[in-house]
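Visitor: Each residue of the sequence shown is one higher than the last, beginning at 9 in my numbering.
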Amino acid sequence: MKATRRLPPLRFVAAVVALQAAAAIYFFVDGVNDVLHAGSDMTTLEASLEALVALGLLAGVVLGVFAIRAAAREAHETERALDLARGALAEAIDLEFARWGLTASEADVALFALKGCTVEQIATMRASAQGTVRAQLSQVYAKAGVNSQAALMATIMEDLLPRRDSQ
Numbered sequence: 009m010k011a012t013r014r015l016p017p018l019r020f021v022a023a024v025v026a027l028q029a030a031a032a033i034y035f036f037v038d039g040v041n042d043v044l045h046a047g048s049d050m051t052t053l054e055a056s057l058e059a060l061v062a063l064g065l066l067a068g069v070v071l072g073v074f075a076i077r078a079a080a081r082e083a084h085e086t087e088r089a090l091d092l093a094r095g096a097l098a099e100a101i102d103l104e105f106a107r108w109g110l111t112a113s114e115a116d117v118a119l120f121a122l123k124g125c126t127v128e129q130i131a132t133m134r135a136s137a138q139g140t141v142r143a144q145l146s147q148v149y150a151k152a153g154v155n156s157q158a159a160l161m162a163t164i165m166e167d168l169l170p171r172r173d174s175q
């Protein structure tokens, strides 16, 4: 199974963004205050640059929030699409198993085989003897018209993939 990267909790991200926004506002207000109370032209220029940099920081925080929201929305939509695809795949596999006339036990073993599990792994997960699993797999292969785990996977994939006309 593929490991997924863990993202920081939303509360933590929100706290960091809030801290950045507070710092940007503080520096902007401080810069504006320095501009208003500056004595010389050089001090006024320095204070103006300080306020401008703080304004840039604040703009970066705002743009970052919009980017995070857009990424979260896209991730949610992608997850929803994956859930639909998983459901469609499971339904297609169930229909194929029904067409082959697999029993519930054979369908269970066939599904583990499609996931790439070995006979030993399937036996352990089902609390069955390896001989029982081998016999069930033989029945699955016979009903599916194949002679191996790889051929079983290929048969399922062939039914799921779009057909292309040979040119």
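In this text, a Cβ means the ideal position worked out from N, Cα and C, and glycines have one as well.
For ILE33, which of ARG142, GLU58, TYR149, ALA162 has the nearest alpha-carbon?
Guide: Here residue 33 corresponds to residue number 25 of the sequence shown, with the count starting at 1. It is GLU58.
Visitor: Compute the beta-carbon to beta-carbon distance between ASP131 and VAL141, rounded to the nearest angstrom, for a pair I have assumed lies under 8 Å.
Guide: As a first step, residue 131 is located in the sequence shown; it is residue number 123 there, counting from the start. As a first step, residue 141 is located in the sequence shown; it is residue number 133 there, counting from the start. One point to set straight first is that residue 131 is Ala, not Asp, in the sequence displayed. Between VAL141 and ALA131 the Cβ distance is about 5 Å, and since that is below 8 Å, they are a contact.
Visitor: Taking the alpha helix (DSSP H) that ASN41 belongs to, which residues open and close that run?
Guide: As a first step, residue 41 is located in the sequence shown; it is residue number 33 there, counting from the start. Looking at the DSSP string, the run of the alpha helix (DSSP H) that includes ASN41 is 18-44.
Visitor: Decide if LEU160 is buried, meaning its Cβ has at least 16 other Cβ atoms within 10 Å, or exposed.
Guide: One-based indexing of the sequence shown puts residue 160 at position 152. LEU160 is buried by the Cβ-count criterion.
Visitor: Do you know whose CA, among VAL37, VAL43, ALA98, lies nearest MET165's CA?
Guide: As a working note, residue 165 is residue 157 in the sequence shown. Selected option, being the one with the closest Cα: ALA98.
Visitor: Measuring only the C-alpha atoms, how far is ARG81 from VAL73?
Guide: As a first step, residue 81 is located in the sequence shown; it is residue number 73 there, counting from the start. As a first step, residue 73 is located in the sequence shown; it is residue number 65 there, counting from the start. Approximately 12 Å, taken between the alpha carbons.
Visitor: So for ARG107, helix, strand or coil by DSSP?
Guide: For the purposes of this step, residue 107 is taken as residue 99 along the sequence shown, with counting starting at 1. DSSP places ARG107 in helix when its eight states are reduced to three.
Visitor: Closer than 8 Å by C-beta to SER156: which residues in its own chain qualify, once you throw out the five before and the five after it? Chain order, please.
Guide: On the sequence shown, position 148 is the one that residue 156 refers to. Result list for SER156: TYR149, in chain order.
Visitor: Applying the 10 Å Cβ sphere with the 16-neighbour rule, what's the burial state of PHE120?
Guide: Stepping through the sequence shown from its first residue, residue 120 is reached at position 112. Classification for PHE120: buried.
Visitor: In the DSSP assignment, the alpha helix (DSSP H) including ARG14 goes from what residue to what residue?
Guide: For the purposes of this step, residue 14 is identified with residue 6 of the sequence shown, where counting begins at 1. From DSSP, ARG14 is part of no alpha helix (DSSP H); its letter is neither H nor E.
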